[in-house]
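Count the sequence shown with the UniProt record's numbering and you get residues 1 to 461, in order. Read the structure below first, then the notes.
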Amino acid sequence: MTNNYLLVKAKQAILSPQHTAAPTQVLIDRDSGKIVQIADAIESPKDAASVEVLTLEDDQLLMPGLVDAHVHLNEPGRTEWEGFETGTKAAAAGGITTVIDMPLNAIPPTTTPENLDTKLTAADGQLHVDVGFWGGVIPDNSQHLPELLRRGVRGFKCFLIESGVDEFPCVNEAEVRLAMDQMIGSDKVLLFHAEMDCGGDCGGAPKKEQKDSLDYHPLETTAIDMIIRLTREYHQKGTPVNTHIVHLSAADALPAIRQAKAEKLPLTVETCFHYLNFTSEAIEDGATHFKCCPPIREAINREALWAALLDGSIDYVVSDHSPCTAQLKKLETGHFGEAWGGIASVQFGLHVLWTEGRKRGVTLQQLTHWLSKVPAERTQLHDRKGEIKVGNDGDLVIWRPEASWKVDVKDIHFKNKLSPYVGTTFYGAVDRTVVRGHTVFERTQQESPFAPTPLGRTLLQ
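Right under this line is the structure:
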């Protein structure tokens with residue numbers, strides 16, 4: 001039996017967050033998709049039918065492929081917003097080799113086994129990177145959660161305030177408890193959109209004049225206090241459930257989060273690239289393409305989020321890529337209350353974090369920690385993703401940390417090009433993205449930078 005291999009020779013490689021950049025060679029068996037050898041020098045295997053040798057240039061860096069654990073691909077049902085093909089192409093162009101698709105904004109949402117089947121059928125043959133799936137918790141679907149877990153969803157997402165789409169209503173505390181009861185003994189995680197109107201339930205809509213303003217938003221702190229209280233209660237009863245706060249934007253919640261972590265509660269937290277980059281003071285009136293939920297906040301809040309990321313209070317960073325059609329952003333009226341909330345950004349996370357992070361002394365190893373290793377752990381993919389090591393999938397990003405470039409609309413690969421990052425100059429240019437030993441994106445091939453056949457797989461094991 002003969003095999004096909006990719007041999008990568010890098011003058012600079014970071015294999016994991018603990019690894020110092022050093023010359024390294026990595027051999028990937030393309031038939032299995034696995035890394036089979038890592039060494040200073042590797043000879044061509046004797047069983048090789050073919051070996052493609054990829055020798056990196058002096059300014060290119062080899063790192064593990066990135067894992068974006070919070071992406072809305074919106075297919076089926078809202079494919080005019082985004083789709084599997086365009087969304088995963090954009091991910092590949094950003095050095096991402098794995099995305100985890102959120103259960104809502106598709107129709108139907110991923111809330112029953114049958115709906116998961118519909119999602120998988122829609123994804124077939126369209127994936128340019130590997131894709132896992134979050135299931136959803138909505139009222140009256142707790143009976144479906146065990147089967148969805150058995151079928152391989154990475155965990156579940158719920159909203160504590162209305163989501164904005166009718167097919168994915170929010171849940172109250174009693175319904176959260178029903179979901180947590182189904183997850184006792186599981187290594188999977190319950191994710192919370194942690195915003196809550198005063199009153200602790202889905203009711204209490206804000207006044208119209210508040211909804212028209214960028215400044216209004218329901219309380220993250222109220223929701224996070226409830227999440228921590230339930231996490232603590234289940235932990236103390238000896239029936240712990242892993243919980244996770246998505247897209248943290250409010251630094252006011254950090255003291256409670258730090259206390260929960262000090263207690264060793266099974267709670268993790270993510271924030272988003274846009275919260276670490278933009279500030280509300282710099283957003284012009286009517287610039288509704290900056291609207292997201294929760295909102296971008298003040299510069300002092302941004303610095304507090306950076307401090308929390310650096311000290312480990314925030315575990316990792318995601319895009320929360322949540323695009324829509326340009327019409328839904330209401331740019332013509334500048335009406336924040338009517339505009340859809342979401343930032344289109346799956347292609348730019350590495351660039352944002354590196355450009356802002358290098359101002360604050362962030363290392364390349366920290367990037368690998370936040371963008372590869374920890375999100376792979378939280379999504380239970382750490383046995384194959386997140387690090388360059390023997391036995392893992394051959395998922396790699398090859399990029400130039402010192403190169404700078406300016407975002408042009410023509411270079412955007414997600415479906416709807418309206419993004420607040422257009423016109424921004426970033427450090428870090430992704431040259432090549434490799435999934436399981438196969439190149440899925442090569443920047444120099446400008447006419448056709450993507451593999452002609454989509455090579456991504458669904459992650460349900």
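Idealized CB from N, CA, C, for every residue including glycine.
With DSSP run on the structure shown, which of helix, strand or coil describes residue i?
| i | result |
| --- | --- |
| Gly394 | coil |
| Val430 | strand |
| Trp134 | coil |
| Gln236 | helix |
| His369 | helix |
| Gln18 | coil |
| Gln25 | strand |
| Asn115 | helix |
| Pro255 | helix |
| Lys359 | helix |
| Glu220 | helix |
| Leu350 | helix |
| Asp411 | helix |
| Thr2 | coil |
| Leu331 | coil |
| Leu248 | coil |
| Leu7 | strand |
| Asp383 | coil |
| Glu377 | helix |
| Ile100 | strand |
| Ala262 | helix |
| Lys406 | strand |
| Leu267 | strand |
| Thr439 | strand |
| Ala13 | strand |
| Thr86 | helix |
Excluding the five sequence neighbours on either side, which residues of its own chain have a C-beta within less than 8 angstroms of the C-beta of residue i, listed in chain order?
| i | result |
| --- | --- |
| Arg443 | Ala93, Ala429, Val430, Asp431, Arg432, Pro449 |
| Ala49 | Thr2, Asn3, Asn4 |
| Val317 | Glu270, Thr271, Cys272, Phe273, Leu276, Leu309, Gly349, Leu353, Trp370, Leu371 |
| Ile161 | Cys170, His193, Glu195, Met196, Asp197, Cys202, Pro218, Ala223 |
| residue 506 | It is not possible to answer for residue 506, since the shown part of the chain is limited to 1 through 461. |
Is the beta carbon of residue i less than 8 angstroms from the beta carbon of residue j?
| i | j | result |
| --- | --- | --- |
| Phe159 | Ile245 | no |
| Ala21 | Leu364 | yes |
| Ile224 | Ala253 | yes |
| Ala123 | Val346 | no |
| Val71 | Ser372 | no |
| Thr325 | Glu80 | yes |
| Trp134 | Met180 | no |
| Gln60 | Ile42 | no |
| Glu52 | Leu6 | yes |
| Pro109 | Phe168 | yes |
| Ser280 | Glu298 | yes |
| Leu190 | Ile228 | no |
| Thr453 | Met63 | no |
| His128 | Gly386 | no |
| Phe84 | Leu73 | yes |
| Ile28 | Ile35 | yes |
| Leu248 | Ser163 | no |
| Val374 | Asp411 | no |
| Thr239 | Ile184 | yes |
Ignore the nearest five residues each way along the sequence and tell me which others in residue i's own chain have a CB closer than 7 angstroms to its CB.
| i | result |
| --- | --- |
| Lys11 | Pro23, Leu56, Asp58 |
| Gln182 | Ser142, Leu145, Pro146 |
| Gly152 | Leu460, Gln461 |
| Gly33 | Asp393, Gly394, Arg436, Gly437 |
| Asp31 | Asn3, Asn4 |
| Trp340 | Cys324, Leu328, Lys329 |
| Arg342 | The question names Arg, yet the displayed sequence has Gly at residue 342. Around Gly342: Cys292, Ser322, Pro323, Cys324. |
| Arg154 | Ile100, Gly132, Phe133, Trp134, Lys188, Thr379, Gln380 |
If I measure Cβ to Cβ from residue i and keep anything under 6 angstroms in the same chain, skipping five residues before and after, which residues do I get?
| i | result |
| --- | --- |
| Leu214 | Its pLDDT being 47, under 50, Leu214 is placed unreliably by the model, and the measurement read from it follows with that caveat. Excluding positions up to five away in sequence, the list reads Phe336. |
| Gly77 | Ala106, Ile107 |
| Thr355 | Phe426, Tyr427 |
| Leu459 | Asp130, Gly132 |
| Leu15 | Ile388 |
| residue 494 | The structure shown has nothing for residue 494, since the chain only spans 1 to 461. |
| Thr86 | Phe414, Lys415 |
| Lys9 | Gln25, Thr55 |
| Lys417 | Val409 |
Residue i: beta carbon under 7 angstroms from a heavy atom of the ligand MG?
| i | result |
| --- | --- |
| Ala451 | Only the bare structure without any ligand can be found here, which leaves the ligand MG out of the picture. |
Problem set entry | Secondary structure, beta strand (DSSP E): runs of 3+ residues fully inside the region 29 to 84 | 34 to 39, 48 to 55, 61 to 64, 66 to 71
Exercise. For the 8 angstroms Cβ check, are there 3 or more pairs between the region 226 to 234 and the region 295 to 315?
Worked result: no
For this session: Would you mind listing the beta strand (DSSP E) stretches within the region 279 to 329 that are 3+ residues and don't spill past its ends, in chain order?
Result: 316 to 318
Exercise. Residue ranges of each alpha helix (DSSP H) run of no fewer than 4 residues wholly in the region 119 to 202, ordered along the chain?
Worked result: 145 to 151, 173 to 183
For this session: Could you tell me whether the region 325 to 335 touches the region 391 to 402, where touching means 3 or more Cβ pairs closer than 8 angstroms?
Result: no
Exercise. With contact counted as at least three CB pairs below 8 angstroms, one residue from each stretch, are the region 136 to 147 and the region 94 to 101 in contact?
Worked result: no
For this session: Taking 8 angstroms as the threshold, find out whether the region 256 to 265 comes into contact with the region 282 to 291 through three or more Cβ pairs.
Result: no
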